[in-house]
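Trainee: So that we are looking at the same thing, I have put the structure below in structure tokens.
2 protein chains.
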Amino acid sequence: MSDPRYLILADGDFSPMTSKTANSIIRYHPERTVAVLDRQQAGRTVQDVLGFGGAIPVVGSMREGLALGPSDVLIGIAPKGGQLPSEWRAWLGEALDAGCDIWNGLHNFLTDDSTLVAKAKAKGRRLLDLRRPPADLPIASGLAKEVDPLVVLTVGTDCNVGKMTAQLQLTKKLNDRGIRTRFVPTGQTGIMIEGWGIAVDAVVADFIAGAAEWLTLEGSKNADVVLVEGQGSINHPGYSGVTLGLLHGSCPDAMILCHQSTREYIGDYRAAAWLRIPPLTEYVRLYESIGAAVHPTRVIGISLNTYDLSDVEARRACDQAQRETGLPVTDPVRFDPAPLVSAIAEERERYLRRRKAL
Amino acid sequence: MSDPRYLILADGDFSPMTSKTANSIIRYHPERTVAVLDRQQAGRTVQDVLGFGGAIPVVGSMREGLALGPSDVLIGIAPKGGQLPSEWRAWLGEALDAGCDIWNGLHNFLTDDSTLVAKAKAKGRRLLDLRRPPADLPIASGLAKEVDPLVVLTVGTDCNVGKMTAQLQLTKKLNDRGIRTRFVPTGQTGIMIEGWGIAVDAVVADFIAGAAEWLTLEGSKNADVVLVEGQGSINHPGYSGVTLGLLHGSCPDAMILCHQSTREYIGDYRAAAWLRIPPLTEYVRLYESIGAAVHPTRVIGISLNTYDLSDVEARRACDQAQRETGLPVTDPVRFDPAPLVSAIAEERERYLRRRKAL
Chain A
1 MSDPRYLILA
11 DGDFSPMTSK
21 TANSIIRYHP
31 ERTVAVLDRQ
41 QAGRTVQDVL
51 GFGGAIPVVG
61 SMREGLALGP
71 SDVLIGIAPK
81 GGQLPSEWRA
91 WLGEALDAGC
101 DIWNGLHNFL
111 TDDSTLVAKA
121 KAKGRRLLDL
131 RRPPADLPIA
141 SGLAKEVDPL
151 VVLTVGTDCN
161 VGKMTAQLQL
171 TKKLNDRGIR
181 TRFVPTGQTG
191 IMIEGWGIAV
201 DAVVADFIAG
211 AAEWLTLEGS
221 KNADVVLVEG
231 QGSINHPGYS
241 GVTLGLLHGS
251 CPDAMILCHQ
261 STREYIGDYR
271 AAAWLRIPPL
281 TEYVRLYESI
291 GAAVHPTRVI
301 GISLNTYDLS
311 DVEARRACDQ
321 AQRETGLPVT
331 DPVRFDPAPL
341 VSAIAEERER
351 YLRRRKAL
Chain B
1001 MSDPRYLILA
1011 DGDFSPMTSK
1021 TANSIIRYHP
1031 ERTVAVLDRQ
1041 QAGRTVQDVL
1051 GFGGAIPVVG
1061 SMREGLALGP
1071 SDVLIGIAPK
1081 GGQLPSEWRA
1091 WLGEALDAGC
1101 DIWNGLHNFL
1111 TDDSTLVAKA
1121 KAKGRRLLDL
1131 RRPPADLPIA
1141 SGLAKEVDPL
1151 VVLTVGTDCN
1161 VGKMTAQLQL
1171 TKKLNDRGIR
1181 TRFVPTGQTG
1191 IMIEGWGIAV
1201 DAVVADFIAG
1211 AAEWLTLEGS
1221 KNADVVLVEG
1231 QGSINHPGYS
1241 GVTLGLLHGS
1251 CPDAMILCHQ
1261 STREYIGDYR
1271 AAAWLRIPPL
1281 TEYVRLYESI
1291 GAAVHPTRVI
1301 GISLNTYDLS
1311 DVEARRACDQ
1321 AQRETGLPVT
1331 DPVRFDPAPL
1341 VSAIAEERER
1351 YLRRRKAL
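Set out below in structure tokens:
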């Protein structure tokens, strides 16, 4: 079976910060991406828009995109609230007509749209609603604290700061060092990249921690280290409930705090917001005290996202965060991830010694 | 239109601590309750089982219950995970045949059961799924911090410690003092009692805070004080995400901490559990620091549930909690709610002065 060929929909919102799902797919599977559809950026290359991704074209219509022969159409933006723009439905119909499967990570499910369902059935194509939660999730009961591997959760100062990207970089490097490491996807983009997982923000609220527990148990099979994808932020006015349910359900032994260096307000990658991002040390205190209320845990490193800084500024940002927190700091995309890889490897040694002593 | 007449289903689980929904309906609407169905307690009165509720009979079969002429059957227990016991479906069918509407607060929706739906339709009766969330909930954006009334949220040391009951008592007393006070139901029992609300534990996880925001705005109309019903606990391994989403979405100006005096472990009203309940001062610290990360707030009083203590022991428990925390303490069901009523009234004065000074 040949590799899939993706046409990524990011109409009106393709940019380094807003089209998070599109950008991550392109970062980890550029060879599978045939084009991005965005009428605003049409005619440019992905490299022009994102600063990576090479010559992949940005097209201005579904017709142009389908002419490039994709096998799948991926919805690559995650608008606030997760609603599907209404004019996209017609495009998705064209894509089904052209023989594509559709990957959807929004809260609005395509399999609830009778027109699309009928068309997909007639064409023998699949509508993949990645945020549709499995039935019969458990209420969390602390099982995740009993798993054998070291569990590391990324936590953030806001949404969309690079929690998933940090972990995908670290997963690769830890495996390169011979430490069997599994990444556990908890959001639609991670699920698209890895092919499994649960979007914990889409489960019924009582089952957030239960979903996190199930994922952690699943990710612990044949692993030395489990890296659980974090979501949101403990002080995000809209999403903090998801963040805390994930923290308490996955029972991490350690956390990596992720931050975008230039961000000043919660959510300001979209619009001016009201809540100023407090110092990193305040986040360390909050995450450690609220996490330890269920399972002992501590922050062992800081992952910075410095995409909009010069190399010199980025290095300075890392140095400053290190002085502030006393913790290892790097931008694992831009610089060597080694400081965080070593922090996790050393934490695993301590963890094994503690368990042996019990 | 005459008052409804409830037959409450609590089979196998009717007791002072486990059948929370049943007990609250009986406490606030005893005149509407014709019987409770529980085969284990059949033949006793509600007074025998709960210590309140008078001569309302406990019956041992749906047939006996229906013979008393109820207009509605209420599902009065909330089993872990919210699943409907399978043998109850047949009973609900009998109830529909007898002309009753069904009130259901579980996560399992009766309107998803085609057999019951068909029967209800044929009989012209209603299946009321109180946990079915409204469509198009918003993502929270901090609107609740702008409302005119003082917003007070109950927070707890665990589930099922008396958060709703405390507030219903306080709502009445505050209104008696001439302070226009509205109770905002956030769970199925509160919705049954008040006739409106959203079960925030049943919404899609991304919308917990949005639901809390909507409820707070709705409750703020024509009110001086809004008492938002709390859910779960900030350190509950299964439900903390709901607790935090509700805290950040409702932006309370003040909190009342609720605790059951004799409880030692999270969830131990059901079974031995692993997480010891920390001191009340630790809860005050956790709730204030995590709450203030979004909107300034503080704990202004402690509500104790002392149902299983003698009067002397209960008084001693209140005195001890007061010494520990330096806050006003009472059991608002057993003793005079005045200490908490005054704490809220005084906080409202301070709140009005602060707003005037701005």
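Chains as they are written, first to last, in my numbering: chain A, 1 to 358; chain B, 1001 to 1358.
We put the CB at the ideal spot given by N, CA and C, even for glycine.
(1) Name, please, each residue of chain B whose Cβ falls closer than 8 Å to the Cβ of A:I302.
(2) Applying the criterion that 16 or more other CB atoms from any shown protein chain within 10 Å of the CB defines a buried residue, is A:N104 buried or exposed?
(3) Distance cutoff 8 Å, beta carbons only. Does A:A135 sit that close to anything in chain B?
(4) Which residue wins for smallest C-alpha separation from A:L170, given the options A:G53, A:L7, A:I344 and A:R350?
(5) Taking 8 Å as the threshold (beta carbon to beta carbon), is A:V203 in contact with chain B?
(6) Taking A:A254 and A:L150 to be in contact with their CB atoms under 8 Å, please state how far apart those CB atoms are, rounded to whole angstroms.
(7) Measuring CB atoms only, is the region 1288-1297 of chain B touching the region 1247-1267 of chain B, in the sense that at least three cross pairs come out at less than 8 Å?
(8) Spell out whether any CB of chain A is found under 8 Å from the CB atom of B:S1361.
(9) For the region 1279-1303 of chain B, enumerate the residues whose C-beta is nearer than 7 Å to any C-beta of chain A, in chain order.
(10) State the start and end residues of the unbroken beta strand (DSSP E) segment that holds B:A1202.
(11) Taking the alpha carbon of A:Y6 as the reference point, which residue from A:V73, A:R263 and A:P278 has its own alpha carbon closest?
(12) Under 8 Å between the Cβ atoms of B:A1209 and B:I1198?
(13) Assign A:Y265 to one of three DSSP states: helix, strand, or coil.
(14) Hey, could you find the ends of the alpha helix (DSSP H) B:N1104 is sitting in?
(15) Below 8 Å, can you find three or more Cβ-Cβ pairs linking the region 53-72 of chain A to the region 33-44 of chain A?
(16) Tell whether a beta-carbon distance below 8 Å holds between B:V1228 and B:V1184.
(17) By the criterion of Cβ-Cβ separation under 8 Å, what are the contact partners of A:S141 in chain B?
(18) When we look at the beta-carbon of B:V1046 and count the other beta-carbons within 10 Å, is it buried (16 or more) or exposed?
(19) Which of the residues in the region 240-256 of chain A, read from start to end, lie with their CB under 9 Å from any CB of chain B?
(20) Check each candidate in A:K20, A:I26, A:Y307 and A:S71 and name the one with the smallest Cα separation from A:S2.
(21) Look up A:V184 in the DSSP assignment and give the residues it is bridged to.
(22) For B:E1031, count the other beta carbons within 10 Å of its own beta carbon; 16 or more makes it buried, fewer makes it exposed. Which is it?
(23) Contact check, B:T1186 vs B:V1200 under 8 Å by CB: the rounded distance?
(24) Which of helix, strand or coil does DSSP assign to B:R1334?
(25) Going by DSSP, what residue range makes up the alpha helix (DSSP H) through A:R126?
(26) Can you tell me whether DSSP reads B:R1298 as helix, strand or coil?
(27) Out of A:T181, A:S61, A:I191 and A:T306, point me to the one whose CA is closest to A:Q40's CA.
(28) Within 10 angstroms of its Cβ, does B:V1058 collect 16 or more other Cβ (buried), or is it exposed?
(29) For A:L150, does the three-state DSSP call read helix, strand or coil?
(30) CB A:V329 to CB A:L304, shorter than 8 Å?
(31) For A:W274, which residues in chain B fall below 7 Å Cβ to Cβ?
(32) Which same chain residues, not among the five before or five after B:C1100, have their C-beta less than 8 Å away from its C-beta?
(33) Chain B beta carbons: is any one of them nearer than 8 Å to that of A:G210?
(34) Along chain A, in chain order, which residues have C-beta atoms closer than 7 Å to that of B:D1148?
(35) Compare the C-beta of B:D1158 with all C-beta atoms of chain A and state if any pair is closer than 8 Å.
(36) What's the C-alpha gap between B:S1310 and B:F1109?
Mentor: Quick look at the numbers:
(1) By Cβ distance, chain B contributes nothing, its closest Cβ being about 19 Å from A:I302, past 8 Å.
(2) buried
(3) no
(4) A:I344
(5) yes
(6) 7 Å
(7) yes
(8) As shown, chain B starts at 1001 and ends at 1358. That puts residue 1361 of chain B outside it, with no answer to give.
(9) L1286, S1289, I1290, A1293 and V1294
(10) Careful: B:A1202 lies outside any beta strand (DSSP E) and carries neither H nor E.
(11) A:V73
(12) no
(13) strand
(14) Here B:N1104 belongs to no alpha helix (DSSP H); instead the beta strand (DSSP E) covers D1101 to N1104.
(15) yes
(16) yes
(17) P1237 and G1238
(18) buried
(19) S240, G241, V242, T243, L244, G245, L246, L247, H248, G249 and C251
(20) A:S71
(21) A:V228
(22) exposed
(23) 5 Å
(24) coil
(25) Counting along the chain, A:R126 falls outside any alpha helix (DSSP H), and DSSP gives it neither H nor E.
(26) strand
(27) A:S61
(28) buried
(29) strand
(30) yes
(31) G1142
(32) L1007, L1066, P1070, S1071, D1072, V1073 and R1125
(33) yes
(34) Simply none; closest approach about 18 Å.
(35) no
(36) 40 Å
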